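A.B. asks:
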Amino acid sequence: MIRFFDILFSFLGLLVLSPILLVLCIIGFFDTGSPIICQERVGKNKQPFNLYKFRSMHINTKSVATHLANVSSITPFGRFLRKSKLDELPQLWNVFIGDMSLVGPRPNLFNQEELIVERDTRGVYSVRPGITGLAQINKIDMSTPQLLAETDAKMIDHMNVCYYFKYIFLTVFGKGFGDRVRK
């Protein structure tokens with residue numbers, strides 16, 4: 006049932022938000038020259054997939070977890086994208102094609118070894134990663150791998166359609182934030 010809602014909402018989101026996506030792409034092109042970033046992430050069953058986001062950092066920024074990146078790497082337009090959470094909109098495509106769900110554990114990079122171990126021991130990779138979830142609405146990010154993995158496992162154990170809608174609702178209306186960035 007959740008996959009049905011993922012397909013429906015991501016399709017409608019891409020359709021309705023396409024003018025905004027286009028405008029953000031154009032502005033992003035003038036900001037960095039490359040408005041979309043494609044990163045290989047850890048997916049369901051630890052299979053790799055390409056995650057799409059609006060670029061919020063300079064092109065030459067090293068591909069590391071956000072909490073390990075320097076705040077000076079973020080562009081002025083990128084700050085706006087992150088604060089408004091608009092940088093996540095291209096992930097609707099990932100949801101539509103089945104790499105992700107709207108709700109699930111945030112997908113990590115393959116170089117986040119400590120988080121991979123913590124999540125692996127708790128079975129977190131048994132589900133599709135998501136755009137939002139319990140950790141995000143509780144402001145838990147990838148800088149605390151054990152707490153994040155525990156929270157992800159708790160979400161997976163209790164996931165149902167009601168929680169799915171609850172996490173989406175809370176995210177859309179401003180609860181939570183993205184990953185921290187080093188000062």
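Each residue of the sequence shown is one higher than the one before, counting from 6 in my numbering.
Glycine included, each C-beta is placed from N, C-alpha and C at the ideal position.
Just so it is clear, the structure is predicted and the values come from calculations on it, not from any experiment.
What would DSSP say about T137, mapped onto helix, strand or coil?
C.D. replies: Along the sequence shown, one-based indexing puts residue 137 at 132. Correct three-state label for T137: strand.
A.B. asks: Which term fits L56, buried or exposed, when burial requires 16 or more other beta carbons within 10 angstroms of its beta carbon?
C.D. replies: The count along the sequence shown starts at 1 and reaches residue 56 at position 51. Buried, because 16 or more other Cβ atoms sit within 10 Å of the Cβ of L56.
A.B. asks: Is the distance from the Cβ of T176 to the Cβ of T149 below 8 Å?
C.D. replies: Translated into positions along the sequence shown, residue 176 becomes position 171. Translated into positions along the sequence shown, residue 149 becomes position 144. No, the pair does not count as a contact, with Cβ atoms beyond the cut-off.
A.B. asks: At a cut of 8 Å, does the segment 86-94 reach the segment 149-164 through at least three beta carbon pairs?
C.D. replies: Counting Cβ pairs under 8 Å, fewer than three are found: no touch.
A.B. asks: Note down the Cα distance separating C43 from I102, rounded to an integer number of angstroms.
C.D. replies: Position 38 of the sequence shown, counted from the start, is the residue given in the question as residue 43. Position 97 of the sequence shown, counted from the start, is the residue given in the question as residue 102. Approximately 15 Å between the Cα atoms of the pair.
A.B. asks: If I'm right that K49 touches V122 with Cβ under 8 Å, what's the distance once you round it to whole angstroms?
C.D. replies: Residue numbering aside, residue 49 sits at position 44 when the sequence shown is read from its first letter. Residue numbering aside, residue 122 sits at position 117 when the sequence shown is read from its first letter. The Cβ separation is near 18 Å, so there is no contact.
A.B. asks: For L56, does the three-state DSSP call read helix, strand or coil?
C.D. replies: The residue you call residue 56 lines up with position 51 of the sequence shown. Note: L56 maps to strand in three-state DSSP.
A.B. asks: Among F85, H63, V28, which has the Cα closest to the Cα of N75?
C.D. replies: Position 70 of the sequence shown holds residue 75. Comparing Cα positions, the closest option is H63.
A.B. asks: Starting from Q44 and walking both ways along the alpha helix (DSSP H), at which residues does that stretch end?
C.D. replies: To locate residue 44, count along the sequence shown from 1; it is residue 39. Run containing Q44: none in the alpha helix (DSSP H); it sits in the beta strand (DSSP E), 41-47.
A.B. asks: Which value, in whole angstroms, describes the spacing of the CA atoms of S15 and G33?
C.D. replies: Here residue 15 refers to the residue found at position 10 when the sequence shown is read from its first residue. Here residue 33 refers to the residue found at position 28 when the sequence shown is read from its first residue. In a straight line, the C-alpha of S15 is about 22 Å away from that of G33.
A.B. asks: If we call anything under 8 Å between Cβ atoms a contact, is F54 one with D11?
C.D. replies: Stepping through the sequence shown from its first residue, residue 54 is reached at position 49. Stepping through the sequence shown from its first residue, residue 11 is reached at position 6. Not a contact, by the Cβ cut-off of 8 Å.
A.B. asks: If you measure between the beta carbons of E93 and K144, is that distance less than 8 Å?
C.D. replies: For the purposes of this step, residue 93 is taken as the residue at position 88 of the sequence shown. For the purposes of this step, residue 144 is taken as the residue at position 139 of the sequence shown. Their beta carbons are not under 8 Å apart, which means E93 does not touch K144 by this criterion.
A.B. asks: May I ask which residues mark the beginning and end of the beta strand (DSSP E) holding L114?
C.D. replies: Residue mapping note: residue 114 aligns to position 109 of the sequence shown, counting from 1. First-last for L114: undefined, no H or E at that position.
A.B. asks: To the nearest angstrom, report how far apart L120 and L20 are at their CA atoms.
C.D. replies: Position 115 of the sequence shown, counted from the start, is the residue given in the question as residue 120. Position 15 of the sequence shown, counted from the start, is the residue given in the question as residue 20. Taking the straight line joining both Cα atoms gives about 34 Å.
A.B. asks: What did DSSP end up calling P75 once you bin it into helix, strand or coil?
C.D. replies: Translated into positions along the sequence shown, residue 75 becomes position 70. According to the sequence displayed, residue 75 carries Asn and not Pro. Strand, per DSSP.
A.B. asks: Given this structure, state the Cα-to-Cα distance separating Y172 from S106, to the nearest angstrom.
C.D. replies: Position 167 of the sequence shown, counted from the start, is the residue given in the question as residue 172. Position 101 of the sequence shown, counted from the start, is the residue given in the question as residue 106. Roughly 12 Å separates the two Cα atoms.
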